[in-house]
Amino acid sequence: MRRRGPRRGQTRVIEALLSSVVVVVAMGIASGLIRAPSSFSQRRTDDASRFAYSLLTRLAEADTFDKVMFEGGNLSAGWEDQLKVIVGSMLPSNAFFNMTIGNCTVVGGAPQESLLTSRGLSNAMTPEVFQTALGVGSADIVYTTKTLWILRIHIDLAYGD
Amino acid sequence: MRRSRLVGSRKKGGQILLAVAVVISVLLMSAAVLSYVTSVSYRKFSDQPYPEVITAIASDYGNFLVNLLADFTHTYNSTSDINGARQRANQLHSTWILASTSAFAGRGVVIGPEWTSSQIQPPKTLYGYCYPTRLAYNLTKLYWYQPQSISAVGSSISIDMPAAGFYGFKTSFLALLNLTIDVPSIQRDQGHGTVSFRLRVLKEEQKPLFDLTSDNFQVRFFDPTATPADPSWRVAGISSVEYEGQGSYFLTVKPVFKVPSAAVSFWSLHYKYFDVIAVDSRDILVEACSYCGLEMQVRDSTGITTSPGNHCVDYVFEMLSNATAFWFGRKIQQPACPPLPPIPGRQLSVQVEWEVGGTPTIEIVVAQVEQWEPTQRFPSAENEGSPSRFLSQSRLVFDVGYPPGITDLVLTVSWEPDCDIARACDAFTAREEGPTITIDNGHFSASLLNTTSPSEWQNYTMSVTENGSTFEYSLGGYDSASVNGSLLLPRKVPCGTWTVIAGPVRALAFRRSSAVMDRLSMTVTTSEALHETVIAIPMGEDYFYWQMNLTWKIAVQLSNKFLRIYSVATPNGTDFGSLLKSDRVTIVNGTFAGAAMEHRDRRYNLGQDFSNWAAIYSNSLGAALIAPGSTLSELGASGEAQLWAWTSSVAQRVFEYDLYYFRTPPIPFTVDPNHRIVTRGAGFVYGGGLAQSPYQNDQEWRIYPVAPAMHSSSGISTPNTYQRMFLEERAPAILSIQPF
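Chains as they are written, first to last, in numbering that gives the first Met the number 0: chain A, 0 to 160; chain B, 0 to 739.
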C-alpha cells in the first residue's frame, strides 16, 4: 500500500508536465502564426507600386509623354533617351526603374500592342537589381496622346539599400 | 471508503488538468489560425494599389475624351463629314476601352463606358435668336455656325474589380468649348480698314479661357470683289487680341479683298457678317457665325395660283454663295444682301411660310447642294465627292411651292447649328441600262442616250415615258440628207456621254462634248462643234428644263441650211397639236391626221408667227415645248426660224423650233464659227385634251383634205398656263432680304 503513494505523486507530476508541455507548444505555434509574415518586405513592395503609379500619373498629367515622344504627330528622334533622363531624375538615387511603352490598336476587333521602346528604358545596370532589391513594385497606366495614340506604359521600380 | 473516494478524485483531477490544457491549446491554435488567415487576407488586398489603378484609368479617360473632342472637331472642320468624323471618334473610343481593359487585365479590371445625355445649355434668347436646349449626347456633340457655338464631349465610365470584390466606381466627364460672338459689338473702321468685335470663350463649368492669342482665332469675311475663280471668303489678318477678363476678348481684324478699292459694299453691308474659328489650348475647335440666316419675301408673278382652277406653282430655286438666286438658269431680281456663310452645305436649311386667313403655315423645304464650275455656267464633275463647304462654286438648290391663292412667300435660309442634322430625303436614282441612263422623278421616267456608238444610236436626246406613252425630245442638230427617198432630219446630231447628279430636289444631267453623230455615214466627228448641255429634272414635277450652248469649232459646210434647236416627237395616236402665236394671245389648234404631211410648213412661218409654247397631245396625254424669250430672240435673229409641225416616216408627230427652217431642195450653207448659239427651254408632259371643230381660219393651220381643222381645244389650258413659269418677264422676284 505504501508503494502506491509515490507512484500516484509521480503520475500527477507527469500529467502536470504534459499539460505544461501541451500549453507551451500551443502557445509557441500560435505566437509563430500570429506574427505577420514578412511584414517589412511587404510594406516596401506596396510603397514601390504606389510610388510607381504616382510617378506615371505625374508624367501623364504634365503631358510629358506627348511632349517628349512626339513631334508633328510622329515619334521624335531620341525620345527614349530623353524620357529615361526625365524619369531617372524623378527617382531617388537608390531606386531603379525599367519602363516599357506600347502602342495599343485594335485590329479585327482584337486589341494589339506594338512595343515602341526598342529596348526597355532603364537606369539599372543589370537585371539582377530587381531580384535583389529590398522592395519591388510595378505600375501600368494607359495614356492617350493629343494625336490619339493610346499608349500602355508599364514601369518596374526597385529600391536598393 | 474515504480513501478510495480520495484516490478516485485525485485521478479525475489529473484528467481534468489534461483536458483543460488540451482545450486551451485548441483555443490558442484556433485564435492563431484565424489571426493568420485575417492577416493574409488583408495583405493580399492591400498588396494591390487599387486607388491608383482606378485613378489612372479615370484620369486618362478624361484626357482621352478631351483629345477625342479635339480630333473630332478638327476632322469635321476639315472634311465637313460629320458621319465620317463620328465613325472615327467611335472607333477611337472603342480602341481606348479595349486597350485599357487589355492593359489592366492582369489586375482584373472591368471598364464599362456609358454614353450619357446631359444638358449643356438651357433654352435662351441671344441677340434676338432663340436657342433651344442644347444637350451633349452621342459622345461628341457640335452646335456650330451661330453666334453662340459649342463643341462638347460627355460620357461616363464605370470600373469594377471582381477579383478583389470591388464594384461600383463610376464617374462622369464633360468637356466643352463655348464661343460667343458679341454681335452688337461689331464695329467697322473703314479708314483703317478694320473690323472690331468682342468674343467670349468659356470651357466647362463656365470657366473662362484666358490664354488665347491671335494664333487661336481665325476670322473669315466675304469678299464682294472676288472674281468667280477666286475664293469668295478670305481669312482676315488679326491686328490685335485684347483679353478683357472673364473669357472675353476684343479682336480687331483687317479683312482682305481682291480689289480693296472696289470693296464699297463690304463697308456698307458685308462687314457685319463673318465666320470665326477658335481653337483652345486643348486643341478643341469651335466655329461660329455672326448671323443665323436670311429671311426673304418672294413673289410669284405668273398669276397662276390666283387663276381659276386651283393651280399650284413649284419652282426650283438655286442660290449661290453670294446669295444670288436663280430660277430656270436666270438670275432673280433681288436686293443686296449678305452672303451664305462658308459652312458645310448640308447645314443650310430652307423653310417657307405663308398665311391663309391670318393662319401661318410653315414647311421645311427639301434642299440639295451642287458644285458648279467657277464660272457658275456648267456643273462640276466633282459633285460625286464627299461633303464640302458651301463656297463660291456651290449652289443651294431647293423646291419652293406656291399653294393655290398664294403669291407671296416668306423664304428662310438658315444655318442648322446641330452638326448631326440628317435630312431624310428620297433622292433620285439614276440607273444605266444599256446605252441609256434612266432617271425616274416620280412623275415620269426620262432616258438619256448615253453613247457615241453608232450601233446603239437612237434618234433622241432624252425620251420621257409616262403612263406607257413615250415622247422623244431632241436637243440640237443640223444639216439634212436624203437616203433612198427618206430624209435624215437632222443629219448631224450632238451626242456624248452624260454625267448625272441625282439629289432629292432634282437630277442634273450634263455633258460637254465635241462628239457629233453623222447619221448618213454613221460615224462620229469631233471637229465641227463643241456642245454643252445641262438638263434639270425636278423631283415629283411634270416638267424638265435645259440649256444648250453650241460653239462652232470651224466654219462647217452644211449640205442643207437646216438647224434644229429643240423638238419633241410623239407616238402615233397623239393627233392634236396647238401653238401660241407671236401675239401671245392667239392659239392655233390643228390635227395630225396622216403620215408624211406637213401640217404647218415654212410658208406660214416666214413671218415667224409662233411664240413661247407648242404642244402635241391626245385626249389622255400630251407633251409641250416651252421656249422662253431668250430662245425666241435667238431664233428671231436668224430671220429664218420656224416652229415646224410634221409627221415622220414612222408616223411620229413632231413639233420643233428650228433656227434655220428645212429647205427643199437643199441649199448649201457655211456656218459662222463666231456665232455661238445659246438656247434654253423646257418641256413637260400633261394630261392632253381634245381639239374640236369647227375650225375658223384655215390660214393658221395647213389644211389637208382629210385633216379637219380645229376651233377649240381642252388641251391648251395646261401649256398656256404653265408656260408663264418660264418667261423672263414673269420670273419670281425677291422683294426683300433680312438677315437675322
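We treat Cβ as the ideally placed atom computed from N, Cα and C, and that holds for glycine.
Determine, using beta-carbon pairs with one atom in the segment 571–581 of chain B and one in the segment 608–626 of chain B, whether at least three such pairs fall under 8 Å. yes
Closest Cβ-Cβ distance between residue 124 of chain A and chain B: below 8 Å? no
Helix, strand or coil at residue 142 of chain A [DSSP, three-state]: strand
Would residue 155 of chain B pass as a contact of residue 170 of chain B if the rule is Cβ separation under 8 Å? yes
Would you kindly work out how many angstroms separate the C-alpha atoms of residue 479 of chain B and residue 554 of chain B, rounded to a whole number? 17 Å
State the start and end residues of the unbroken beta strand (DSSP E) segment that holds residue 612 of chain B. 612–616
Using Cβ-Cβ distances below 9 Å, what residues of the segment 70–83 of chain B are close to chain A? 70
How big is the Cα-Cα spacing for residue 598 of chain B and residue 388 of chain B? Low confidence applies here, because residue 598 of chain B scores a pLDDT of 49, under 50, leaving its location unreliable and the question unanswered by this model.
On a Cα-Cα basis, can you pick out the residue from B/348, B/402, B/262 that is closest to residue 307 of chain B? B/402
Checking contacts by CB at 8 Å: is residue 63 of chain A closer than that to chain B? no
By the three-class DSSP mapping on this structure, what secondary structure does residue 547 of chain B have? Note: residue 547 of chain B maps to strand in three-state DSSP.
Which same chain residues, not among the five before or five after residue 594 of chain B, have their C-beta less than 6 Å away from its C-beta? Any answer about residue 594 of chain B is weak, because its pLDDT of 45 lies below 50 and its placement is not dependable; what the coordinates show is given next. Correct list, in chain order: 646, 650.
Check the Cβ of residue 63 of chain B against every Cβ in chain A and list those closer than 7 Å, keeping chain order. 143
Is the beta carbon of residue 142 of chain B sitting closer than 8 Å to the one on residue 286 of chain B? no
Could you name each continuous alpha helix (DSSP H) segment of 4 residues or more that falls completely within the segment 112–158 of chain A, going from the start of the chain to the end? Given a length threshold of 4 residues, each whole run of the alpha helix (DSSP H) inside the segment 112–158 of chain A is given here in chain order: 128–131.
Min CB distance residue 99 of chain A to chain B below 8 Å: no
Identify the continuous beta strand (DSSP E) that holds residue 683 of chain B and give its terminal residues. 676–685
Can you find a C-beta in chain A that's less than 8 Å from the C-beta of residue 160 of chain B? For residue 160 of chain B, the answer is no, since every Cβ of chain A falls outside 8 Å of its Cβ.
State yes or no: is the beta carbon of residue 514 of chain B nearer than 8 Å to at least one beta carbon in chain A? no
Any C-beta of chain A under 8 Å from that of residue 114 of chain B: no
Using the beta-carbon of each residue, which ones in chain A are nearer than 8 Å to residue 59 of chain B? 59, 140, 141, 142, 143
Can you find a C-beta in chain A that's less than 8 Å from the C-beta of residue 93 of chain B? yes
Residue 181 of chain B - partner residues in DSSP beta bridges: B/197
Check the Cβ of residue 154 of chain A against every Cβ in chain B and list those closer than 8 Å, keeping chain order. Within chain B, no residue comes near residue 154 of chain A; the closest Cβ sits about 12 Å away, beyond 8 Å.
Can you name the start and end residues of the alpha helix (DSSP H) that residue 85 of chain B belongs to? 81–102
Let me know the secondary structure DSSP gives residue 14 of chain A once reduced to three states. helix
Smallest Cα separation from residue 473 of chain B: which of B/682, B/668, B/558, B/630? B/682
Could you spell out the range, first to last residue, of the beta strand (DSSP E) harbouring residue 53 of chain B? Segment 49–78 is the alpha helix (DSSP H) holding residue 53 of chain B; no beta strand (DSSP E) there.
Between the C-alpha atoms of residue 569 of chain B and residue 625 of chain B, what's the straight-line distance to the nearest angstrom? Rounded to the nearest angstrom, the two C-alpha atoms are 16 Å apart.
Using a Cβ-Cβ cut-off of 8 Å, state whether residue 54 of chain B counts as contacting chain A. yes
Assuming residue 291 of chain B and residue 739 of chain B make a contact with CB atoms under 8 Å, what is their CB distance in whole Å? Confirmed, about 6 Å.
On the three-state DSSP scale, how would you describe residue 510 of chain B? In this structure, residue 510 of chain B counts as strand in the three-state DSSP scheme.
Compare the beta carbon distance of residue 505 of chain B and residue 537 of chain B with 8 Å and say whether it is the shorter of the two. yes
Could you tell me whether any Cβ in chain A is nearer than 8 Å to the Cβ of residue 380 of chain B? no
Beta carbon of residue 304 of chain B, beta carbon of residue 404 of chain B: below 8 Å? yes
So with Cβ pairs under 8 Å, would you call residue 52 of chain A a contact of chain B? yes
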